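Numbering (the UniProt record's numbering), first residue to last: 1 to 203. Each remark here refers to the structure printed beneath this line.
And the structure:
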């Protein structure tokens, strides 16, 4: 039985709680959840959330006619062998005709691959693999078990980042208080005071 269970239609929403840890890879986040589970802590409410999903296409190499034909031959040969074995189950006496199916599958696989490559080779003449990756994986825990999960994983309360729902429910910060302005005393003028007029002495 698979360890993954398909969620019901009522669970199609992002988990709410506290982000107790963040990791760069899914394997690290999975190891953190396993660590919490091994400490006899209830992990029913934990969730691993991937953020900033990106589609990564890795180029394997350039496609040539030989590689295209070889891949088509392998796929066609496998499909033909499967059809031959299936035919042998229903017609056990036709053993000699079973060998025809792999040969037909081989020829059909090569032909189909060559035709497909000839249609798209001007736009795409390389082989690649695609996968969806996340830039960050957050471990989210319910409010009542967040502190315990932080202690087990090894992080402190200051390392936990609040969720978007918690940020929205938090009251807005108060505006900074304005400093009191005191009445300034008059600044004395630095220019010298005007002196009275002096008459020259009488001769």
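Each residue gets a CB set at the ideal place from its N, CA and C atoms; glycine is no exception. None of the values given here were measured: they were computed from a predicted structure.
Taking the beta strand (DSSP E) that residue i falls in, what are its first and last residues?
i	result
residue 37	Run containing residue 37: none in the beta strand (DSSP E); it sits in the alpha helix (DSSP H), 26-38.
residue 61	47-62
Which same chain residues end up closer than 6 Å to residue i when comparing Cβ atoms and leaving out the 5 residues on each side of it in sequence?
i	result
residue 83	101
residue 165	Confidence in residue 165 is poor, its pLDDT being 42 and thus under 50, which makes the residue's placement unreliable; the coordinate value appears in the next sentence. Same-chain partners within the cutoff: 16.
residue 49	138, 140
residue 170	In this predicted model, residue 170 has a pLDDT of only 39, less than 50, meaning its place in the structure is not dependable; the value taken from the coordinates is given anyway. Answer for residue 170: no residue qualifies.
residue 149	20, 36, 141
residue 91	none
Return the chain-ordered list of same chain residues with a C-beta closer than 8 Å to the C-beta of residue i, the five sequence neighbours on each side being excluded.
i	result
residue 54	132, 133, 134, 135
residue 127	59, 60, 61, 62, 63, 67
residue 88	94, 95, 98
residue 35	152, 153
residue 146	17, 18, 20, 160
residue 32	21, 23, 139, 153
residue 30	48
On the DSSP bridge list, what partners appear for residue i?
i	result
residue 21	139
Have a look at the options and flag the residue whose alpha-carbon is nearest the alpha-carbon of residue i.
i	options	result
residue 79	95, 93, 99, 65	99
residue 14	140, 38, 87, 130	140
residue 47	103, 125, 22	22
residue 119	65, 150, 90, 70	65
residue 143	52, 117, 44	44
residue 56	145, 130, 148	130
residue 71	109, 41, 103	109
residue 52	69, 76, 25, 38	25
residue 111	125, 86, 77, 30	77
residue 81	91, 69, 106, 92	106
residue 75	125, 113, 122	113
residue 69	117, 121, 27, 42	117
Output needed for residue i: all residues of its chain with C-beta closer than 7 Å, excluding positions within five of it in sequence on either side, in chain order.
i	result
residue 73	106, 109, 110
residue 42	145
Ordered list of beta strand (DSSP E) runs contained in the region 88-159, each at least 3 residues: Counting whole runs of 3 or more residues, the region 88-159 contains the beta strand (DSSP E) stretches 126-141.
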